[in-house]
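Quick mapping for you: the protein sequence lines, in order, are chains A and B.
Under the working numbering, the first residue of the first sequence carries the number 10, and numbering increases by one thereafter.
Under the working numbering, the first residue of the second sequence carries the number 3, and numbering increases by one thereafter.
For every residue, glycine included, the Cβ atom is placed at its ideal position computed from N, Cα and C.
Structure first, then comments.
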Amino acid sequence: MHRLIAVLAFIIAALPAGADEQVSSFNLDNGMQVVVIEDHRAPVVVHMLWYRAGSADEPPGASGVAHFLEHLLFKGTEKLAPGEFSATVARNGGTDNAFTSYDYTAYFQRVAADRLELMMRMESDRMKNIQLGEEEILTERDVIIEERNQRVENNPAALFREQASAAQFLNHRYGVPIIGWRHEMPELTLEDALSFYGTYYSPNNAILVVAGDVQPDEVRALAETYYGVIPANPDLPQRERAQEPRQMAERRLVFEDPRVAQPYVSRSYLAPERDSGAQEQAAALTMLSEILGGGTTSVMVEKLQFESQIAIQSGAWYGGRSLDDTTFNLFVVPSAGVSLEQAEQAMDQVIADFMQDGIDAEQLERIKMQVRAAQIYARDDVSSIANRYGRALTQGLTIADVQAWPDVLEAVTAEDIMEAATLVFNRNNAVTGWLRAPEVTQ
Amino acid sequence: MIRFIITFIALLAALPARAEVGIQELTTPGGINTWLVEDHSIPFVALELRFRGGAALDLPGKRGATSLMMATLEEGSGELDSRGFARSVEGLAASFSYDTGDDVVSVSAKMLTENRDEAVTLLRASLVEPRIEQADLDRVRGQVISIIQSDLKDPRNISERAFDTLVFGDHPYSSSRNGTLETVGALTREDLFEAHRNALALDRVYVSAVGDITADELTGLLDKLLGDLPASGGPLPEDAEINLPGGVMVVDFDTPQSVATFAQPGIDRDDDDFFAAYILNHILGGGGFESRLMTEVREKRGLTYGVYSYLLDMDSAQVWMGSVASANDRVAEAIEVIQAEWVRIREGGVTEAELNDAKTYLTGAYPLRFDGNGPIANIAVGMQMEGLPTDYIATRNDQVNAVTLEHINRVAKELLDPDSLTFVVTGKPEGLETTIN
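Here it is, written out as structure tokens:
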């Protein structure tokens, strides 16, 4: 046994140091893309199947059906009884789950590398063959309603974020919550789920990501056996969703809930996302969010938490990975005794001053150092690399885009960032929200 | 090529997956014990430091001092003020996190090989000579107070606080390790320096390192990093007296979904029956979708999104815990089902098939935990705190497999106690009344 380990260690040491070399990709004849990410340090594999179908692809009136279907895929096929999928994974020492977002639905198992074939056999089976009874549908619908209760209804900040998103996206489905609106969820039917399944679940709309202690040739052979035999869906619709109209006025909301202990102000600006082959603007916005509100040394924290102490917390974030237009976001949590109005004014003053003062070159260099280091740290977690590829490939990017991204970030200049800031900080493209408890009247 | 690979797979399948982690046990010239797993494939090291004691070391009236102290360690030290320290860490792309648990404070560090010495200098300053300036203390205190206020209006936190107060009497566990609005509001710099002396001491430190570092480099690093800490810290607390009377306590809070925290007495990690209890819990409520509680409460009845149980083995108390959340008009039924399952598994035991499935899961999943420098460092330092030998990794699955059906069902009868199963329910639950005095 020791000899085997020593040989393996030698192989690892001989591998090229770069992260890109770990990744290979090919297409099956039916149009399914396969990505293999090698990491031979532990005998583990992560098997993920991503569909280019998320809540933003749902038909009007059936909000939450993408996520509902995700739950129903654990309910059995002709070959597997309800629950048997997960039970089989567990009997093999693995764990499995799934998740749904606006632009994708993904199913994954993490298991010993020598069980990969079993995972492919089961996952390919439920791409086309789920069998559902009326009763299972009703029970599982209760489960997703309890999931909504837990994640949203019991949490005023989550309710507030739903309202703010709905205000930001008047026409695009990003304005509808992934889990579904509360009033539509109880109306979801078996037909709704099967219709979504029939439309979107096919090999030419899926991406297989296999990461861990595997060889690309081995993955190819198995993928051809299990996924390669499933015919493509010739009627797969184009992913052309209703887009936002021109926004002509700032939108504002005040959300009150007695369960709010800590008020805050949030602002989102409609912003471009990363586009394949043209990620430069998104890279500049990514750097802008780091500089303005990415951490302890960011401009917002410096001004609002150290200098004026108006805020106890503040930050910025930008969701660049998105199929359609996305948002650039700011938030400020005021200190005790500071009103939301004062907090918002201070936030706007920081932006105005930043547009005047420009960028501290040392700060930009520190952030680029972090970008370089992130590539080293990322190699320690093959699951996160698998996630990165799955998300990108279901959101309009290519493997080349993912691999170019660190260099695109590295090439961003201070001028690029200021230009992106000028573009994005347009209050006519913004939603400003206040979250607070109602005033108590005696 | 394909034929060769298939042969290779068959060979692997014939061998049960086994965790092979080469741990070196080292002692530094300064007398610090550490475990090292060398792996030079990625140019960084993950370092885990744990100090036994944690928030349970808080002195009377000073609840929250340890936690606030840990949160201010990165707010400036030695020559650097708060922002200077943060800029320096960022410039090196090192990552340091400082956390407080009920029984432990922990420091997790990731450092690039290319600038490790500079990163260690910074980390040392934060651990050994924190400045804890008044302005920084006040700023971080404001953040902690905001968290405490938010917790007071969050049903899950309300439930857990009420549970701790009911169960743990006058032990520090009975209140939040963040402290209360009153205690945190009154903490001074002196209190935090005292908490620092009590918590970060060499007589209670456990260390592991995984990644791109040699044994000589690590021992030198640790003496430099930790050598100037005091030899001994504050006294560890006595065991807690646990009050689990059985029944239901309702905490009124206006929210649509009730959150329930439940528990009965637990079992010590050192107990001969621990592995049997561990497997029993897995079958009852520890697993994924397959546990009895998930099957009965979620899969069959759709009463919740998640229901779980787990063995909580703290230094001063052992409880068998669980949680569930259901809409106000359904939570009573969820609790009824959980109570019935508690009785059913105690009276009827588990089946041979359930035991076998649990064993194949637990033994198969174990080697999959060791899949990165960070995770291995975490496991290695946890093993040291439990007093486990390095070869536990190789023998642990044998201990799981050694549990027989007779053993686990005896433990179910002896340990499971439906009469002491106590529920704290926060919300507006319909059809539930407080039965605890």
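Please report the straight-line C-alpha distance between Glu240(B) and Ala327(B), rounded to a whole angstrom.
The sequence position of residue 240(B) within the second sequence is 238, counting from 1. The sequence position of residue 327(B) within the second sequence is 325, counting from 1. Going by the C-alpha atoms only, they are around 33 angstroms apart.
Measure the alpha-carbon distance for Asn330(B) versus Gly429(B) and round it to whole angstroms.
Counted from its first residue, the second sequence places residue 330(B) at position 328. Counted from its first residue, the second sequence places residue 429(B) at position 427. About 7 angstroms.
Residue closest to Glu356(B), alpha-carbon to alpha-carbon, out of Leu370(B), Arg371(B), Leu390(B), Leu286(B):
Walking along the second sequence from the start, residue 356(B) turns up at place 354. Of Leu370(B), Arg371(B), Leu390(B), Leu286(B), the residue nearest in Cα terms is Leu286(B).
How is the beta strand (DSSP E) around His56(A) delimited, first residue to last?
Walking along the first sequence from the start, residue 56(A) turns up at place 47. 53-60 is the span of the beta strand (DSSP E), which, as asked, contains His56(A).
Look at the alpha carbon of Asp38(A) and the alpha carbon of Ser133(A), and state the distance between them as a whole number of angstroms.
To locate residue 38(A), count along the first sequence from 1; it is residue 29. To locate residue 133(A), count along the first sequence from 1; it is residue 124. Each residue's Cα considered, the two are about 15 angstroms apart.
With a cut-off of 8 angstroms, does the C-beta of Asn180(A) fall near any C-beta of chain B?
As a working mapping, residue 180(A) is identified with position 171 in the first sequence. Chain B contact via Cβ: absent.
Could one say the Cβ of Ala345(A) lies closer than 8 angstroms to chain B's Cβ atoms, at least one of them?
Against the first sequence, residue 345(A) aligns to sequence position 336. Judged by the 8 angstroms Cβ criterion, Ala345(A) is in contact with chain B.
Determine the chain A residues that contact Tyr363(B) at a beta-carbon separation under 7 angstroms, and present them in chain order.
For the purposes of this step, residue 363(B) is taken as residue 361 along the second sequence, with counting starting at 1. Listed along chain A, the residues sitting closer than 7 angstroms to Tyr363(B) by beta-carbon distance are Ala99, Arg100, Gly102.
So that I know if they touch, is there some Cβ in chain A lying closer than 8 angstroms to that of Asn375(B)?
Working through the second sequence from its first residue, we reach residue 375(B) at position 373. Chain A contact via Cβ: present.
Leu406(A) and Ser211(A): beta carbons closer than 8 angstroms?
Your numbering for residue 406(A) matches position 397 in the first sequence. Your numbering for residue 211(A) matches position 202 in the first sequence. No, they are not a contact pair.
Using a 10 Å radius around the Cβ and a threshold of 16 neighbouring Cβ atoms, would you call Gln314(A) buried or exposed?
Position 305 of the first sequence, counted from the start, is the residue given in the question as residue 314(A). Buried.
Alpha carbon of Val109(B) to alpha carbon of Thr30(B), nearest angstrom
Sequence index remark: in the second sequence, residue 109(B) carries index 107 (1-based). Sequence index remark: in the second sequence, residue 30(B) carries index 28 (1-based). Between Val109(B) and Thr30(B), the C-alpha separation is close to 19 angstroms.
Can you give me the start and stop residues for the alpha helix (DSSP H) that Leu94(B) sits inside?
For this step, residue 94(B) is matched to residue 92 along the second sequence. Residues 84-94.
Separation of Leu82(A) from Gly92(A), as counted between CA atoms
Here residue 92(A) refers to the residue found at position 83 when the first sequence is read from its first residue. Here residue 82(A) refers to the residue found at position 73 when the first sequence is read from its first residue. Rounded to the nearest angstrom, the two C-alpha atoms are 9 angstroms apart.
Identify each residue in the segment 112-128 of chain B for which the Cβ-Cβ distance to at least one residue of chain A is less than 7 angstroms, and report them in chain order.
Contact annotation: in the segment 112-128 of chain B, residues whose CB is within less than 7 angstroms of a CB in chain A are Lys112, Leu114.
Looking at the C-beta of Ser79(B), does it have a partner C-beta in chain A at a distance below 8 angstroms?
Residue mapping note: residue 79(B) aligns to position 77 of the second sequence, counting from 1. No, its Cβ sits nowhere closer than 8 angstroms to a Cβ of chain A.
Does the distance from the CB of Ile385(A) to the CB of Ile244(B) come in under 8 angstroms?
Numbered from its first residue, the first sequence carries residue 385(A) at position 376. Numbered from its first residue, the second sequence carries residue 244(B) at position 242. Taking 8 angstroms as the Cβ cut-off, Ile385(A) and Ile244(B) do not qualify as a contacting pair.
Taking a cut of 8 angstroms between CB atoms, which residues from the segment 286-308 of chain B lie near chain A?
Gly289, Gly290, Phe291, Glu292, Thr297, Arg300, Glu301, Lys302, Arg303, Gly304, Leu305, Thr306, Tyr307, Gly308
Would you report the Cα separation of Ala99(A) and Ser176(B), rounded to the nearest angstrom?
As a first step, residue 99(A) must be located in the first sequence, where it is residue number 90. As a first step, residue 176(B) must be located in the second sequence, where it is residue number 174. Rounded to the nearest angstrom, the two C-alpha atoms are 36 angstroms apart.
Using a beta-carbon distance below 8 angstroms, is Val32(A) in contact with chain B?
Against the first sequence, residue 32(A) aligns to sequence position 23. Answer no: the Cβ-Cβ gap between Val32(A) and chain B never drops below 8 angstroms.
Kindly indicate which residue of Glu435(B), Ser260(B), Gly103(B), Arg133(B) has the alpha-carbon position closest to the one of Arg179(B).
Position 177 of the second sequence holds residue 179(B). Looking at the Cα atoms, Gly103(B) is the closest of the given residues.
Which first and last residues belong to the beta strand (DSSP E) in which Phe98(B) is found?
As a working note, residue 98(B) is residue 96 in the second sequence. 97-102 is the extent of the beta strand (DSSP E) around Phe98(B).
Should Asp151(A) be flagged as near chain B, meaning a C-beta pair shorter than 8 angstroms?
If you number the first sequence from 1, residue 151(A) lands on position 142. Yes, Asp151(A) counts as interfacial toward chain B.
Determine whether the beta carbon atoms of Val209(B) and Thr436(B) lie at a separation below 8 angstroms.
Position 207 of the second sequence, counting from 1, holds the residue named residue 209(B). Position 434 of the second sequence, counting from 1, holds the residue named residue 436(B). Going by beta carbons, Val209(B) and Thr436(B) fall outside the 8 angstroms limit.
Spatial neighbours of Lys415(B) within its chain, please: CB distance less than 7 angstroms, with the 5 preceding and 5 following residues excluded, ordered by chain position.
Position 413 of the second sequence holds residue 415(B). Result list for Lys415(B): Arg348, in chain order.
So, for Pro415(A): in the same chain, excluding its five sequence neighbours on each side, which residues have a beta-carbon less than 7 angstroms away from its beta-carbon?
Sequence index remark: in the first sequence, residue 415(A) carries index 406 (1-based). If we look at Pro415(A) and ignore the five residues flanking it on each side, its Cβ neighbours are Val380, Gln384.
Report buried or exposed for Thr114(A), applying the criterion of at least 16 other Cβ atoms within 10 angstroms of its Cβ.
For this step, residue 114(A) is matched to residue 105 along the first sequence. Buried: at least 16 other Cβ atoms inside 10 Å.
Return the bridge partner residues of Leu373(A) from the DSSP annotation.
Locating residue 373(A) in the first sequence gives position 364, counting from the first residue. According to DSSP, which records beta bridges pairwise, Leu373(A) is partnered with nothing at all.
Members of the segment 265-288 of chain B that neighbour chain A once the beta carbon cut-off is set at 8 angstroms:
none
Output yes if chain A places a C-beta closer than 8 angstroms to the C-beta of Gln26(B); else output no.
Residue numbering aside, residue 26(B) sits at position 24 when the second sequence is read from its first letter. It does not: the Cβ of Gln26(B) has no partner Cβ on chain A nearer than 8 angstroms.
For Val411(A), count the other beta carbons within 10 Å of its own beta carbon; 16 or more makes it buried, fewer makes it exposed. Which is it?
Start at 1 with the first residue of the first sequence, and residue 411(A) comes out as number 402. Buried, because 16 or more other Cβ atoms sit within 10 Å of the Cβ of Val411(A).
Quick one, which of Glu67(A), Ala230(A), Arg150(A) has its alpha-carbon nearest Arg300(B)'s?
Translated into the one-based positions of the second sequence, residue 300(B) becomes position 298. Residue Arg150(A) is the option with its Cα nearest to Arg300(B).
Quick one: residues in its chain with C-beta nearer than 7 angstroms to the C-beta of Val130(B), no 5 flanking neighbours on either side, listed in chain order?
Taking the second sequence and counting its residues from 1, one reaches residue 130(B) at position 128. For Val130(B), where only same-chain residues beyond five positions count, the Cβ hits under 7 angstroms are Asp230, Leu231.
Give a yes or no on whether the minimum CB-CB distance between Met57(A) and chain B is below 8 angstroms.
Numbered from 1 along the first sequence, position 48 holds the residue referred to as residue 57(A). It does not; no Cβ of chain B falls within 8 angstroms.
Let me know the secondary structure DSSP gives Gln9(A) once reduced to three states.
Absent from the structure is residue 9(A), since the part of chain A shown begins at 10 and ends at 451.
So Val106(B) packs on Val212(B), CB below 8 angstroms; how close in whole Å?
Sequence index remark: in the second sequence, residue 106(B) carries index 104 (1-based). Sequence index remark: in the second sequence, residue 212(B) carries index 210 (1-based). That belief does not hold up - the Cβ atoms of Val106(B) and Val212(B) are roughly 19 angstroms apart, past 8 angstroms.
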